[in-house]
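Counting from 0, one number per residue, gives the positions in the sequence shown under numbering that gives the first Met the number 0. Only one structure is covered here, and it is reproduced in the block below.
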Amino acid sequence: MWTIHPDYPVARRRQVHHVVGDKGELLWSGKYITEAMAFIVEAGVLSFKIEDESESLVLRIMNRV
Numbered sequence: 000m001w002t003i004h005p006d007y008p009v010a011r012r013r014q015v016h017h018v019v020g021d022k023g024e025l026l027w028s029g030k031y032i033t034e035a036m037a038f039i040v041e042a043g044v045l046s047f048k049i050e051d052e053s054e055s056l057v058l059r060i061m062n063r064v
């Protein structure tokens, strides 16, 4: 399942969001989480999760066709 890692710190007061594939490979990174979601939807992925680094927040999104 593809995963969005939100608010990954890259510098002081600056964060990016990452989309990671099933095998842990980086597929996308950018400034806005909405763009990450759009990337996943355009790729045709039917379900993904949003997970922070500590894994205290895990949201699973399921698209139904």
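Note that CB positions come from ideal geometry on N, CA and C, so glycine has one too.
Quiz item: Hey, residue 7 and residue 15: beta-carbon distance below 9 Å or not?
Solution: yes
Quiz item: So what's residue 44 in DSSP terms, helix, strand or just coil?
Solution: coil
Self-check item: Euclidean distance between Cα positions of residue 26 and residue 44
Solution: 13 Å
Exercise. Kindly indicate which three-state DSSP category residue 52 falls into: helix, strand or coil?
Key: coil
Quiz item: If you count every other CB in all the chains shown that lies within 10 Å of the CB of residue 10, and 16 or more means buried, which is it?
Solution: exposed
Practice problem: Rounded to whole angstroms, what's the CA-CA distance from residue 37 to residue 29? Just pull it up for me. | Solution: 12 Å
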